[in-house]
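>
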Amino acid sequence: MGGAESHSVSNTQHAVLASRTEILEALERIKSDESFAGASRLVDLLDYIVTRHLADPERKIFAKIIAEDLYDRALDQDTDSHNIVRVDAGRLRRRLAEYYAGPGQNDPLFIHVDPGAYAPRFEVRSLETSPSDAEPKAADADLRRSRGSIAIVGAVLVALGCGFLLGTITSPFGRPDTSETLMAPETADPRLEAERRARMTRSPSSLQAVTLSDHARNLIFPMFERGQLELSLAMFEQAIRKDDTYFGGYAGAAQSLAAMALLLPDGPDRNGLLAESRQMVDRAIELSPTNSWSQSALSWTLLVEGRDAEAREHAELSLDLAPKEGNVLDFYALEMLLTGEYDAAREAADPDRQRTSDMGRHANQSLYGAASFHLGLYQDAIDTMIAASLSGSPISAPNYAYLSASYQGLGEAEKARKYAHELMENWPDFNPSVVFGRIYSNPDQTKAVTDKLLAAGWQQGEPGASKPPMKK
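Going by our numbering, 1177 is the number at position 358 of the sequence shown; the sequence numbering is gapless.
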C-alpha cells in the first residue's frame, strides 16, 4: 500500500493499517522509555529509519546513506561505514526485542528492524490477541534461532572465575588463589536439562564432554595468564576425546588457542596457534553452525587473524542467537573493545544487563570499565573496576593500569600514583605498552592508557624486583 499517511503492517492474524500518527506515537514511547536511556545512538538510528520511511515509504534505506546522514561519514571516506551501521542495527534489534518483551509488551504497535534490512516493519496488535500471543516477532525470531542451540551452563571453578580480559589469577602478592572449591551447577534452564538428559541417554562420556567444556569455558577469562589458558585448552581437548561429535569442545579450544596467539608477537609460534585455532573452529562450525558458541568462536578467531570486518559479522550473529548468554556477551564486548567500538562494548558488558547461563564470574565489569575509560568516562571506569574487585573478581595488572590511568584522567594524582606504585610492586614484569600494543587494533588505544600511567609515575621494573623505585 504505501503513502505517508497509512502503512501496511501485519500480525499473526490479519493485515491492518497504521496511521502516521500511530507510528510516531509508538516511536515516542520507545524513545522516552528508560530502557533506551543512555543509548542515544540507537535512538537516533531508530528515529532516522522511521522518519525517513514515513517521508518516502517506497525509497530503500541503504547503510551507506545512513552512515553519511547520521554518522557524518562521507561515502568515499572509508570502508568501515557499512560495518558501523550493521553493528548498530544489530544492537537496535536486540534492544527493541528486550523492550517489547518487557515494558513495551502491551504497546498497541510494535516497530521492528529486521535483519538484513534498514526499513522499519510495523506490527499492530489485534484486540483479540492476548499479550502472550502478541510478543514481538523480533523476540520470536530470537527464540526460533536459539531453540536448536545448546545452552552451555557449566559448573563453576570459582577460584578461577572471571576477571579482567587480561587479568592474572593471583592474589595481590602474585600467589595463586586456591581458597575456593569447585561448585555444582545450579540452573533451571530447560534446554540445558534436556540436553544433558539426551547426552546421558547417548552415553556417560558424551555428558562428560559437556561438563568438561562447561568448566573449561569459565577458565578462558582472565586470558592474560598463559598457564590458565593452557589449562582450559587441556580440558577442551579432553572433552573432544570424550565425544568428538560435541561442538563445544572444538569451539572452546579455538577460543583458548586464539587467545594465546593474541598475546604473542608475530612469528611462527603465533601462526601455529592460529592455524590450530582455525582447525578447531572449522570443526565446531561443521558440527553446529547455528550455535552461538560456534559463531562466537569463529568471530574471535577471525579477529585475531586480523579479519575485523568478518569478525564483526559473526559477533553480531552470535549475539542474535543468544542475546543474554554471559560468555557470548563477554567475547562480544571484548571484540568491540579491542576494535574501538566502545559504546557497543559498554552495552554488551553493562553490569545491569540481564544474563543467563551466568554460572561463573564473567569479565563484563572490567570490560565495561575499560570501555568507559576510552570514552573519557573515568569515574564510571573506576566505580565499575572497584566493584569488580569487591565482588570477588581476581585482581589483575590491567585493572590496576586502568585504575591508575582513570584517576590520572580525573586529575586525582595521589590516587593515580598509588595504583601505579601497586602495579609496579606486585606485577614488576607487566609492560602495558607491550601487552596493550598486541591486543588493541589502534595504537592510540594503547597510548591513551600508557601516557596517563607514565604521568602517574609508572616505570618498568627489573624482572623479579619486588619494589621498583617510584618516579617523583
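For glycine and all other residues, C-beta sits at the position ideal for the given N, C-alpha and C.
Assuming Y937 contacts I849 under a Cβ cut-off of 8 Å, what Cβ separation, rounded to an integer in Å, is found between them?
In fact, because the Cβ distance is near 17 Å, the residues do not count as touching under 8 Å.
> Verify whether the separation of the beta carbon atoms of S796 and V1147 is less than 8 Å.
Residue 796 falls outside the range modelled here, since the chain spans only 820 to 1291, and no answer is possible.
> Tell me which same chain residues have a C-beta within less than 7 Å of the C-beta of R1045, skipping the five on either side of it?
M1079
> Can you grab the Cα-Cα spacing for the pair R878 / L889, in whole Å?
Roughly 17 Å separates the two Cα atoms.
> Under a Cβ-count criterion, where at least 16 other Cβ atoms within 10 Å of its own Cβ denotes burial, should S1191 be classed as buried or exposed?
buried
> With DSSP as the reference, identify every bridge partner of E1144, one or two as the case may be.
Beta bridge pairing from DSSP links E1144 with T1175.
> For the pair the region 905-913 and the region 1155-1174, tell me if three or more CB-CB distances fall below 8 Å.
yes
> Kindly indicate the opening and closing residues of the beta strand (DSSP E) around E942.
DSSP places E942 in the uninterrupted beta strand (DSSP E) bounded by P939 to V943.
> Is it right to say S838 is buried, meaning 16 or more other beta carbons lie within 10 angstroms of its own, or is it exposed?
Looking at its Cβ environment, which holds fewer than 16 other Cβ atoms inside 10 Å, S838 is exposed.
> In terms of residues, what are the limits of the beta strand (DSSP E) holding H931?
Element bounds for H931: L928 to V932.
> By alpha-carbon positions, which one of L1050, K1143, A1200 and E1244 ends up nearest to R1172?
K1143
> Is it buried or exposed, D1308, if we count other Cβ atoms within 10 angstroms and call 16 or more buried?
Since the first residue of the chain shown is 820 and the last is 1291, residue 1308 is not available in this structure.
> Over the uninterrupted alpha helix (DSSP H) stretch that includes N1090, give me the two end residues.
P1087 to L1106
> Would Y1069 and A1103 be called neighbours here (beta carbons separated by less than 8 Å)?
yes
> Here's a check: name, in chain order, each residue in its chain whose Cβ is nearer than 8 Å to the Cβ of L928, leaving out the five neighbours to either side.
V828, A837, E841, I842, E844, A845, F941, E942, V943 and R944
> Does the Cβ of P1262 have 16 or more other Cβ atoms within 10 Å, making it buried, or fewer, making it exposed?
exposed
> Does DSSP put N1245 in a helix, in a strand, or in coil?
helix
> Output the boundary residues of the alpha helix (DSSP H) element that contains F1066.
Where F1066 is concerned, the enclosing alpha helix (DSSP H) stretches over F1066 to L1081.
> Output needed for G1195: all residues of its chain with C-beta closer than 8 Å, excluding positions within five of it in sequence on either side, in chain order.
The beta carbon of G1195 sits closer than 8 Å to those of G1228, all from its chain and outside the five residues before and after it, given in chain order.
> Assign R1060 to one of two classes, buried (16 or more other C-beta atoms within 10 Å of its C-beta) or exposed (fewer than that).
Classification for R1060: exposed.
> Short check: CB of D1139 to CB of T1158, under 8 Å?
For D1139 and T1158, no; Cβs fall outside 8 Å.
> Between D1169 and the rest of its own chain, which residues show a CB-CB distance below 8 Å, the 5 nearest in sequence each way excluded?
N1183 and Y1187
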